[in-house]
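Numbered according to our numbering, the sequence shown terminates at residue 257, and the numbering increases by one at each position without gaps. Backbone N, C-alpha and C fix where the C-beta goes; we use that ideal spot for every residue, glycine too. Quick caveat: nothing in here was measured; it's all calculated off a predicted structure.
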Amino acid sequence: MQKKIMLEDIVGLDKQKAQIHDFIFLPLIQKELYQQLVKYPEKLKIRKNFLLYGPPGTAKTSLVQALAQTYEVPFTLVQSTQFLNQYVGAGAETMRKIYSNYTGIIFIDEIDLIAQKQKNNSSQKSDDLLIQLLMLLDGVATNYEISTITATNKPEVLDERFLSRIPQKNRLFFPLPDEEQRKKIFEKKLTYVSHNIENLDNIIPLTKNYHGRQIEDLIVEACNIALKDKRTHLTSNDLHLALEEN
Ligand SMILES: Nc1ncnc2c1ncn2[C@@H]1O[C@H](COP(=O)(O)OP(=O)(O)OP(=O)(O)O)[C@@H](O)[C@H]1O
Ligand SMILES: [Mg+2]
Numbered sequence: 012m013q014k015k016i017m018l019e020d021i022v023g024l025d026k027q028k029a030q031i032h033d034f035i036f037l038p039l040i041q042k043e044l045y046q047q048l049v050k051y052p053e054k055l056k057i058r059k060n061f062l063l064y065g066p067p068g069t070a071k072t073s074l075v076q077a078l079a080q081t082y083e084v085p086f087t088l089v090q091s092t093q094f095l096n097q098y099v100g101a102g103a104e105t106m107r108k109i110y111s112n113y114t115g116i117i118f119i120d121e122i123d124l125i126a127q128k129q130k131n132n133s134s135q136k137s138d139d140l141l142i143q144l145l146m147l148l149d150g151v152a153t154n155y156e157i158s159t160i161t162a163t164n165k166p167e168v169l170d171e172r173f174l175s176r177i178p179q180k181n182r183l184f185f186p187l188p189d190e191e192q193r194k195k196i197f198e199k200k201l202t203y204v205s206h207n208i209e210n211l212d213n214i215i216p217l218t219k220n221y222h223g224r225q226i227e228d229l230i231v232e233a234c235n236i237a238l239k240d241k242r243t244h245l246t247s248n249d250l251h252l253a254l255e256e257n
């Protein structure tokens with residue numbers, strides 16, 4: 012069976028984990044308490060919308076996936092392009108279908124493609140989609156069991172109407188990992204492979220500006236180098252060789 016990505020697989024990002032957990036997962040995990048606390052959710056708009064922004068490869072998608080799998084909450088990942096690649100009107104219809112009768116998290120990636128500031132030359136398609144999305148976000152605000160999490164690498168292009176649906180506290184920045192974080196990501200990823208690497212001190216400074224995805228790719232490349240050599244263990248030398256190839 013395929014091992015799922017769990018919360019402990021995601022290194023650091025404690026503030027981001029806590030904010031998403033407390034706002035989205037806690038009311039679902041402690042449903043009865045929440046129902047006593049918020050007696051009339053239909054009268055109180057509960058805007059459980061998030062925006063995750065930051066450079067690529069910084070665990071925006073995997074963090075939410077890991078939370079959803081750890082707490083066993085349904086998770087639907089949609090790419091914005093999937094709405095735009097349809098005829099005018101069909102994308103909005105697909106979006107409505109995803110939200111209808113749904114419980115759980117809807118993760119919309121590359122939200123800037125749908126929710127960009129209006130330009131004179133902006134297409135009818137993306138305007139329709141944005142309006143549909145705003146309506147859906149307002150419509151589901153009375154249902155705490157459905158949350159929309161959006162992600163982008165380009166927060167600066169987002170439309171104000173969209174942003175106004177994301178409470179300030181729910182706009183979470185995902186930074187590039189610093190040296191200490193990179194070391195922890197390496198250590199975590201290395202637990203998934205056989206290796207005899209004891210010290211990463213020589214490797215870490217060579218990976219300045221690397222994000223988590225690049226660290227993962229580097230380890231995979233190093234594994235291929237070991238495999239070519241018919242070894243069943245990764246060594247620091249393999250990592251060095253992989254780095255040289257980059
Ligand atoms: N802090 C981290 N801990 C563990 N793994 C990480 C971390 N940061 C990145 N990764 C790994 O890097 C890969 C890329 O992460 P992910 O796809 O979640 O990034 P993203 O921020 O969604 O990127 P994009 O903006 O390109 O969609 C994943 O395999 C993820 O597990
Ligand atoms: Mg992503």
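Cβ-heavy atom distance, residue i to ligand 4, below 7 Å
{"i": "Thr72", "result": "With respect to ligand 4, the structure offers nothing, as its ligand set consists of ligand 1 and ligand 2."}
Residue i: CB within 7 Å of a non-hydrogen atom of ligand 2
{"i": "Ala79", "result": "no"}
Simplified DSSP state of residue i, which is helix, strand or coil
{"i": "Tyr64", "result": "strand"}
{"i": "Asp120", "result": "strand"}
{"i": "Leu169", "result": "strand"}
{"i": "Gly115", "result": "strand"}
{"i": "His206", "result": "strand"}
{"i": "Ile40", "result": "helix"}
{"i": "Thr218", "result": "helix"}
{"i": "Arg107", "result": "helix"}
{"i": "Ile21", "result": "coil"}
{"i": "Leu183", "result": "strand"}
{"i": "Ala126", "result": "coil"}
Own chain residues within Cβ distance below 8 Å of residue i, not counting five before or after
{"i": "Thr72", "result": "Leu88, Phe118, Asp120, Ala162"}
{"i": "Gln229", "result": "Sequence check: residue 229 is Leu here, not Gln. Same-chain partners within the cutoff: Thr218, Tyr221, Leu250, Ala253, Leu254, Asn257."}
{"i": "Asn207", "result": "His244, Leu245, Thr246"}
{"i": "Gly100", "result": "Asp139"}
Any non-hydrogen atom of ligand 1 within 7 Å of residue i CB
{"i": "Phe118", "result": "no"}
{"i": "Ile21", "result": "yes"}
{"i": "Ile196", "result": "yes"}
{"i": "Asn164", "result": "yes"}
{"i": "Phe185", "result": "yes"}
{"i": "Arg193", "result": "no"}
{"i": "Leu62", "result": "no"}
{"i": "Glu227", "result": "yes"}
{"i": "Pro178", "result": "no"}
{"i": "Lys199", "result": "yes"}
Whether residue i touches residue j by CB criterion (8 Å)
{"i": "Leu63", "j": "Leu24", "result": "no"}
{"i": "Leu145", "j": "Arg182", "result": "no"}
{"i": "Gln225", "j": "Gly68", "result": "yes"}
{"i": "Val22", "j": "Lys195", "result": "yes"}
{"i": "Gln80", "j": "Phe185", "result": "no"}
{"i": "Leu78", "j": "Ile109", "result": "no"}
{"i": "Pro216", "j": "Thr153", "result": "no"}
{"i": "Phe34", "j": "Lys56", "result": "no"}
Close beta carbons around residue i, own chain, < 6 Å, minus the five adjacent residues each side
{"i": "Gln143", "result": "Ala103, Met106"}
Residues of its chain near residue i, where Cβ-Cβ distance is below 7 Å and the 5 sequence neighbours each way are ignored
{"i": "Gln90", "result": "Asp120, Glu121"}
### Query
How do the stretch 235-242 and the stretch 189-199 stand: do at least 3 beta-carbon pairs fall below 8 Å, yes or no?
A contact is defined here as three or more CB-CB pairs under 8 Å, and the stretch 235-242 fails this definition with respect to the stretch 189-199.
#### Entry: Segment contact, 8 Å Cβ cut-off, at least three pairs: the stretch 154-161 with the stretch 28-48
Contact holds: three or more Cβ-Cβ distances are below 8 Å.
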